[in-house]
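Undergrad:
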Amino acid sequence: MENTKKLSDMVYACSGIGDCRIAYRWAVGRYGVCPVLEHSPQFDPFYARGKIRIAKGLLEGLLEPSEGLAKVLYQCTTCGSCHSVCHQTMCEYIVLPIGRFIDHTKLFEAMRADLVEEGLGPMPRHREIVEWTRREHNPYMEKHEDRLKWLPAGKTVSQKADLIWFVGCTEPYRMPELAQAFLKILEDGNVDFGMVHPDEWCCGSIFFRTGVRSLARELAEHNLEVLKASGAKKVVIHCAGCFRTIAKDYVELFGKLPFEVVNAVELIRDLLKEGKLKTKKANVKVTYHDPCHLGRHMGIYEAPREILEMLPGVEIVEMKRIRDASWCCGAGGGVKSGFPELAVEIAKDRIREAEETGAEYLVTACPFCVKNLQDAVQALGSKIRVVDIVELVADNLA
């Protein structure tokens with residue numbers, strides 16, 4: 024358990040209060056904390072406090088790694104809600120950010136890395152994805168040469184530019200309409216950009232999250248070299264998972280990057296503010312879902328809301344749980360591939376919450392959130408429409 028041992032200070036910083044189970048005090052400003060707990064047997068191992076107790080047991084030799092233990096540790100979306108709510112005080116007038124001591128996501132990923140080294144992780148479906156990605160550089164069981172099939176026929180994009188768009192895997196292979204929507208926005212805004220095709224590989228997000236660190240590093244090293252070779256001064260990323268991975272995980276691996284990393288919502292907001300995008304009236308009521316990778320992990324809450332406010336005719340109605348208290352869509356941390364039924368059950372919670380607002384559209388800024396929330400809409404027979412913010416903007420360009 025060497026990876027967990029390196030974070031032992033975090034393990035022993037937990038005082039076991041349990042706000043990561045249910046935070047009922049007004050100081051916390053939310054209801055519900057762990058999305059997995061709501062759809063589990065409700066025992067401690069299914070939320071943060073119990074997982075940290077497992078870490079203590081492993082470090083002290085009171086527990087041995089096992090398949091059953093691995094199954095519990097992989098039922099976590101790594102959404103970070105436990106981190107944002109964690110406290111070491113029960114005083115309702117003092118809120119102490121335990122984040123100074125514990126990075127829950129980092130700790131749980133380290134525990135998973137130890138399970139991988141023990142041969143107990145990741146989950147069976149993840150292992151198939153690992154083997155495929157080693158060969159074809161994407162987690163979707165698709166051929167690498169098909170990565171650019173989403174591009175319109177005859178469309179060419181330079182591989183060298185000051186601004187490089189890192190497209191990711193989810194959009195080219197599963198949601199090409201989102202990549203096409205962002206392409207339309209870039210072109211309508213007269214943005215000079217390039218792409219590092221055909222050399223772009225999976226960013227490695229799922230492997231960072233599931234503890235397959237050797238493959239995560241291999242992918243990261245490749246992408247970093249390719250992005251350096253492009254001459255990029257700035258890299259724009261729409262996929263929230265890719266964005267968090269490159270802007271945060273790559274920095275933790277390699278130190279400061281030789282280029283700035285921005286999210287698509289930041290670029291789109293600036294284009295709208297500068298008058299470089301002309302839009303028509305939309306006449307639609309929307310509510311916005313904060314993706315965990317974009318919000319809690321990277322602190323981007325206002326940019327997407329500013330975009331919605333600048334679209335004529337868009338009425339915004341917020342859900343009960345927003346910004347750092349946002350309810351996870353259920354897809355992250357390898358849960359969508361490892362435990363697909365659990366992922367959809369969590370997403371159903373969010374769809375019901377969105378329906379309560381009376382909104383016609385549930386807008387988000389993450390292709391993975393879009394897919395899982397759409398799956399929940401289908402399962403529930405809901406009439407709400409789930410769209411990515413790039414689709415909403417692209418569809419309403421004048």
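One gets the numbering used here by counting positions in the sequence shown from 1 and adding 23 to each. Backbone N, C-alpha and C define an ideal beta-carbon position, used for all residues, glycine too. Being a predicted model, the structure only gives us computed values, none of them experimental.
1) Can you give the beta carbon distance from V108 to V56, rounded, assuming they're within the 8 Å contact cut?
2) In whole angstroms, what is the alpha-carbon distance linking F277 and E329?
3) Quick one: grab the DSSP three-state call for I45.
4) With respect to the beta strand (DSSP E) encompassing I187, which residues constitute its N-terminal and C-terminal limits?
5) In whole angstroms, give me the CA-to-CA distance for M113 and A133.
6) Provide the residue span of the alpha helix (DSSP H) that contains T27, from first to last.
7) Measure the C-alpha to C-alpha separation of A348 and Y196 and round it to an integer number of angstroms.
8) Measure from the alpha carbon of G227 to the alpha carbon of each residue in C102, T302, T101 and G264, then state which is nearest.
9) Got a sec? Which residues, its chain only, sit under 7 Å from T128 by beta carbon, not counting five neighbours each side?
10) On the CB-based measure, 16 or more other CB atoms within 10 Å of its CB, does F131 come out buried or exposed?
11) Note down, in chain order, each residue of its chain lying with its Cβ closer than 6 Å to the Cβ of K299, except the 5 sequence neighbours on either side.
12) From C352 to I208, what does the alpha carbon distance come to, in whole angstroms?
13) Between R373 and H220, what straight-line distance do the alpha-carbon atoms span, to the nearest angstrom?
14) Could you check if V59 is buried or exposed, using at least 16 other CB atoms within 10 Å of its CB as the buried criterion?
15) Between P145, W224, D215 and E140, which lies nearest to T156 when the distance is taken from Cα to Cα?
16) What are the start and end residues of the alpha helix (DSSP H) that includes N246?
17) Please state the DSSP three-state secondary structure of N161.
18) Is A50 helix, strand or coil when you go by DSSP?
19) Going by CA-CA distance only, name the one from K29, I345 and E338 that's closest to A78.
20) For a test of the three-state rule: what should DSSP assign to Y35, helix, strand or coil?
21) To which residues does DSSP link L339 through a beta bridge?
22) Between which residues of its own chain and Q203 is the CB-CB distance below 7 Å, once the five residues before and five after are set aside?
23) Can you list, in chain order, the residues of its chain with a C-beta nearer than 7 Å to that of E151? Leave out the 5 residues immediately preceding and following it.
24) For R408, list the residues DSSP reports as bridge partners.
25) Would you list the one or two residues that DSSP bridges to G217?
26) Residues bridged to N286 by DSSP?
27) Does Y179 come out as helix, strand or coil in the three-state DSSP assignment?
28) Could you name the residues of the same chain whose beta carbon sits closer than 6 Å to that of Y6, not counting the 5 residues immediately before and after it, in chain order?
29) Near V51, which residues of its chain fall below 6 Å by C-beta distance, leaving aside the five closest residues on each side in sequence?
30) Leaving out five residues before and five after K166 in sequence, what residues of the same chain have Cβ atoms less than 8 Å from its Cβ?
31) Between the beta-carbon of F124 and the beta-carbon of M198, is there less than 8 Å?
32) On the criterion of 16 or more Cβ atoms from any shown chain inside 10 Å, does V340 qualify as buried, or is it exposed?
33) Can you confirm whether the region 250-261 touches the region 277-294 when touching is taken to mean that 3 or more C-beta pairs between the two stretches lie within less than 8 Å?
34) By a C-beta neighbour count over all protein chains shown, 10 Å radius and 16 as the cutoff for buried, is R236 buried or exposed?
35) Tell me which residues share the same chain as A184 and place their Cβ nearer than 6 Å to its Cβ, disregarding the 5 neighbours each side in the sequence.
36) Run the CB neighbour count on N306, radius 10 Å, all protein chains shown included, and call it buried at 16 or more, exposed below.
TA: Quick answer:
1) About 5 Å separates the beta carbons of V108 and V56, which is inside the 8 Å limit, making them a contact pair.
2) Approximately 33 Å, taken between the alpha carbons.
3) Reduced to three states, the DSSP call for I45 is coil.
4) Where I187 is concerned, the enclosing beta strand (DSSP E) starts and stops at L186 to F189.
5) The pLDDT assigned to M113 is 47, lower than 50, so where the model puts this residue is not dependable; a value taken from the coordinates is nonetheless given after this. Within the model, the alpha-carbon separation for M113 versus A133 is close to 28 Å.
6) Per DSSP, T27 belongs to the alpha helix (DSSP H) from E25 to K28.
7) Those two C-alpha atoms are separated by around 31 Å.
8) Checking every option, the nearest Cα to that of G227 belongs to G264.
9) So the qualifying residues of the chain are T101, G103 and H106.
10) When all chains shown are included, F131 counts as buried.
11) Correct list, in chain order: G212.
12) For C352 and I208, the distance between alpha carbons rounds to 26 Å.
13) Rounded to whole angstroms, the gap between the alpha carbons of R373 and H220 is 35 Å.
14) V59 comes out buried.
15) Looking at the Cα atoms, W224 is the closest of the given residues.
16) In the DSSP assignment, N246 falls within the unbroken alpha helix (DSSP H) covering R236 to A252.
17) In this structure, DSSP gives N161 a state outside helix and strand, which the three-state scheme calls coil.
18) Note that A50 scores 49 on pLDDT, short of 50, meaning its location in the model is unreliable; the coordinates nonetheless yield the value given after this. Coil.
19) Of the candidates K29, I345 and E338, the one whose C-alpha sits nearest the C-alpha of A78 is K29.
20) Three-state result, Y35: helix.
21) It should be noted that the sequence gives Ile, not Leu, for residue 339. I339 is bridged to V309.
22) Sequence-distant partners of Q203 (beyond 5 residues in either direction) whose C-beta falls short of 7 Å from its own C-beta, in its chain, are W173.
23) Excluding sequence neighbours, E151 sits near nothing in its chain.
24) Checking the DSSP bridge columns, you'll see R408 partnered with Y384.
25) Bridge partners of G217: I187.
26) Answer by DSSP bridge pairing, in chain order: I260.
27) One point to set straight first is that residue 179 is Thr, not Tyr, in the sequence displayed. T179 sits in coil when the DSSP states are folded into three classes, being neither helix nor strand.
28) In this structure the chain extends from 24 to 421, so residue 6 is not present and cannot be described.
29) Because the pLDDT of V51 is 49, which lies under 50, any placement of that residue in the model is unreliable, and the question is left without a value.
30) If we look at K166 and ignore the five residues flanking it on each side, its Cβ neighbours are E159.
31) No, they are not a contact pair.
32) Exposed, by the Cβ-count rule.
33) Contact holds: three or more Cβ-Cβ distances are below 8 Å.
34) Residue environment: R236 is assigned as buried (16 or more neighbouring CB atoms within 10 Å of its CB, all protein chains considered).
35) The beta carbon of A184 sits closer than 6 Å to the beta carbons of F216 and G217 from its chain, once the five residues preceding and following it are set aside; these are given in chain order.
36) By the 10 Å Cβ count, N306 comes out exposed.
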